[in-house]
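First up is the structure itself, then whatever we jot down about it.
Chains as they are written, first to last, in this note's numbering: chain E, 6 to 154; chain X, 2 to 500; chain A, 50 to 161.
Structure below.
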């Protein structure tokens, strides 16, 4: 009986090695261009999380944990949330809650629209690490079947 | 500083929850301190806001500097400050109680994260001036409560949490569908703008359909009678501070406050919907009390009584007369106070004696003096015995029924009150009076913070009758009743303050 | 008009799943179908005949665009739906661990 090695077949592993970096880069592109083209924090965050989940599905969970382990993911989740509410409170200092301070350049440029790119990045941290942690927890829960007592 | 008062109700619990999720696991005892500080500051700010409203009447805050109807706004009037005081003061006392109680569960920092998120959601629902913002905060509070009900992860808690989550999500989908219909009719989402558009265009089928959808959705959130089936399973299975929070504040803030705001201020209260609400109120009263008398599990009995008392509130509100609305609002405040006290008492009994079954208890009065006395005060309040606060609010509701000519409803209310008294006499006799069973010889009184919060709640129970004195009434209950009564004036006031 | 009726039929299919199916996972799928139906209906409410996509770029004028507000709100509603379904699936897995079955007629400890 062949030893069961973790992960999927050779074809899936090869394709994953080639494409997972591109998926991560594409997710970062969607997050950073959130104020110019459709997408934004949530959609980009989901794609970033999917790149890590892709590694976990193709290679097994130890390989995924070598790249980003659970403590780091939990830290990024809280960091994203704290960044979001700090930017919102800072708006209160110069006017209203959530005010869009910061330099507003020309429309359709990358460095424009005040605080919106920073908020997009904060949401991407939170959503990406949150979704990754949800799938990790659902995988790690060991089902020990106990009948009715 | 008063300029920036309104967002504080959301900022404080949200940032406390996020900081807690970062540092709560590493530093021991950190989550207790930060949660107590956050809820204490919320309670102080909410009491301060009552005095702020006295002079100006209404405060409107534009989030991000965008003026409505383009932007999202937060509105504070008399009803808002009334609900905020109810929610935040009770939340502070429950947060102190859970410093000692939650030692029995693991992962206390998890509990405080979810608890603070639930408070942030409830505050957001109350101060929101925009329909979709109300939906988002409603979902935040509801999802946190689904997770909190399943906190102990025993058999029954998980089953009850699953049932509660499925029914709650269905209700939220109905609410979203109602918001969609209203958006397609009025093409705006701001509450003040929407009420002016509906007053201009007249009542059509779509408004009636949206009204029915809202009644179903928010009725399920506040456990009115055809939609009450989740409550007797969910409230007993939660840990005791969460039962007190759910039964005392969540069903009121998410359910009854939203019904008040939407039906009286936005849609315009039509007599058909008010009479449906009255019938549902009377049904809730009777079904709740009759099913409660036969229960032997202490927390399940209290959960059925929640259904019955919410029926009183909806009966008072459905009357539509000034006295009826005053009675309903006052009973809402009283019920938050004494029902939380009753659930905290049952938690103290469970902490000390380890059981919730009435047949296994007996004679706890000798060993647990504070718990027994506060439980006696709360039982007399809920049954409507003078001079405690339940008596005043029930008398106002019954007097309003008689004044409006609905003698049948008034007699049902009196019968419900008598049955409530009967079931609480059962609780007192089985749990606190009688012989101390030999298995319970070693129990002692509960620790300090639990005693403190129970005593403070009992003091509020006794002193709430003073809220009807004319000077205090003009500040606290009067603006709340006026904000509900003058339905269409809400929109005009918002735009007047903005200009 | 027929599109709105089809959304309503999708909503009723989801309701049927919640009421009549006995497996926990099928109930969760019913909730997901209801959420898709409500979100789809919301986006379709904002449609304008012969409208264009509401994306602003340097060479487009703001004429004849469909309503962008429901699209932004549906984004939020989809996120909320995702959170609810994740919580329900985690609860269902824990229930399976304790009770040993997914059948709701056998998970009936709370009665009365």
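Every residue gets a Cβ at the ideal spot worked out from N, C-alpha and C, and that includes glycine.
Residue i - partner residues in DSSP beta bridges
{"i": "residue 152 of chain A", "result": "A:72"}
{"i": "residue 191 of chain X", "result": "X:131"}
{"i": "residue 33 of chain X", "result": "Paired residues: none, contrary to the question."}
{"i": "residue 358 of chain X", "result": "X:298"}
Span of the alpha helix (DSSP H), counted from its first residue to its last, around residue i
{"i": "residue 63 of chain X", "result": "Taken as a continuous stretch (DSSP letters only), residue 63 of chain X belongs to no alpha helix (DSSP H), being part of the beta strand (DSSP E) at 60-63."}
{"i": "residue 483 of chain X", "result": "478-486"}
{"i": "residue 22 of chain E", "result": "15-37"}
{"i": "residue 53 of chain E", "result": "46-64"}
{"i": "residue 418 of chain X", "result": "408-428"}
{"i": "residue 103 of chain X", "result": "Looking at the DSSP string, residue 103 of chain X is not in any alpha helix (DSSP H), and its letter there is neither H nor E."}
{"i": "residue 50 of chain A", "result": "Run containing residue 50 of chain A: none; DSSP gives neither H nor E here."}
{"i": "residue 497 of chain X", "result": "490-499"}
{"i": "residue 463 of chain X", "result": "449-464"}
Three-state class that DSSP yields for residue i in the structure shown
{"i": "residue 114 of chain A", "result": "strand"}
{"i": "residue 366 of chain X", "result": "coil"}
{"i": "residue 101 of chain A", "result": "strand"}
{"i": "residue 472 of chain X", "result": "helix"}
{"i": "residue 108 of chain A", "result": "coil"}
{"i": "residue 135 of chain E", "result": "helix"}
{"i": "residue 440 of chain X", "result": "helix"}
{"i": "residue 200 of chain X", "result": "helix"}
{"i": "residue 152 of chain E", "result": "Reliability of the predicted coordinates at residue 152 of chain E is poor, the pLDDT of 40 falling under 50, and the value obtained from them is presented with this limitation in mind. Residue 152 of chain E: coil per DSSP, three-state reduction."}
{"i": "residue 435 of chain X", "result": "coil"}
{"i": "residue 142 of chain A", "result": "helix"}
{"i": "residue 385 of chain X", "result": "coil"}
{"i": "residue 73 of chain E", "result": "coil"}
{"i": "residue 393 of chain X", "result": "helix"}
{"i": "residue 160 of chain X", "result": "helix"}
{"i": "residue 67 of chain X", "result": "coil"}
{"i": "residue 6 of chain X", "result": "coil"}
{"i": "residue 152 of chain X", "result": "coil"}
{"i": "residue 85 of chain A", "result": "helix"}
{"i": "residue 55 of chain X", "result": "helix"}
{"i": "residue 41 of chain E", "result": "coil"}
{"i": "residue 26 of chain X", "result": "coil"}
{"i": "residue 60 of chain A", "result": "helix"}
{"i": "residue 115 of chain E", "result": "coil"}
{"i": "residue 322 of chain X", "result": "coil"}
{"i": "residue 96 of chain A", "result": "coil"}
{"i": "residue 445 of chain X", "result": "coil"}
{"i": "residue 40 of chain X", "result": "helix"}
{"i": "residue 122 of chain E", "result": "helix"}
{"i": "residue 96 of chain X", "result": "helix"}
{"i": "residue 147 of chain A", "result": "helix"}
Limits of the beta strand (DSSP E) - the one that residue i falls within
{"i": "residue 74 of chain X", "result": "74-77"}
Distance between beta carbons of residue j and residue i, contact taken as under 8 angstroms
{"i": "residue 260 of chain X", "j": "residue 124 of chain X", "result": "Between residue 124 of chain X and residue 260 of chain X the Cβ distance is about 18 angstroms, and since that is not below 8 angstroms, they are no contact."}
{"i": "residue 316 of chain X", "j": "residue 287 of chain X", "result": "The Cβ separation is near 11 angstroms, so there is no contact."}
{"i": "residue 163 of chain X", "j": "residue 132 of chain A", "result": "At roughly 16 angstroms, the Cβ-Cβ gap does not stay under 8 angstroms, so residue 163 of chain X and residue 132 of chain A are not in contact."}
{"i": "residue 74 of chain X", "j": "residue 61 of chain X", "result": "6 angstroms"}
{"i": "residue 97 of chain X", "j": "residue 341 of chain X", "result": "That pair is no contact at about 12 angstroms."}
{"i": "residue 18 of chain E", "j": "residue 63 of chain E", "result": "6 angstroms"}
{"i": "residue 243 of chain X", "j": "residue 222 of chain X", "result": "Actually they are not in contact, since the Cβ atoms of residue 243 of chain X and residue 222 of chain X sit about 16 angstroms apart, beyond 8 angstroms."}
{"i": "residue 181 of chain X", "j": "residue 128 of chain A", "result": "At roughly 17 angstroms, the Cβ-Cβ gap does not stay under 8 angstroms, so residue 181 of chain X and residue 128 of chain A are not in contact."}
{"i": "residue 117 of chain A", "j": "residue 107 of chain A", "result": "The Cβ separation is near 18 angstroms, so there is no contact."}
{"i": "residue 149 of chain X", "j": "residue 147 of chain A", "result": "Not confirmed; about 18 angstroms, so no contact."}
{"i": "residue 28 of chain E", "j": "residue 52 of chain E", "result": "7 angstroms"}
{"i": "residue 303 of chain X", "j": "residue 481 of chain X", "result": "Wrong, their Cβ atoms sit about 26 angstroms apart, outside the cutoff."}
{"i": "residue 25 of chain X", "j": "residue 31 of chain X", "result": "6 angstroms"}
{"i": "residue 128 of chain X", "j": "residue 167 of chain X", "result": "About 29 angstroms separates the two Cβ atoms, so there is no contact after all."}
{"i": "residue 229 of chain X", "j": "residue 308 of chain X", "result": "5 angstroms"}
Residue i Cβ short of 8 angstroms to the ligand FMN heavy atom set
{"i": "residue 352 of chain X", "result": "Questions concerning the ligand FMN fall outside what the structure shown contains, since it holds no ligand whatsoever."}
C-beta neighbour in chain C for residue i, strict 9 angstroms
{"i": "residue 119 of chain E", "result": "Among the chains of the structure shown, chain C does not appear; the protein chains present are E, X and A."}
**Request:** Could I get the ranges of all uninterrupted beta strand (DSSP E) runs contained in the stretch 211-282 of chain X, with 3 residues as the minimum, in chain order?
**Result:** Counting only runs of at least 3 residues, the stretch 211-282 of chain X fully encloses no beta strand (DSSP E) element at all.
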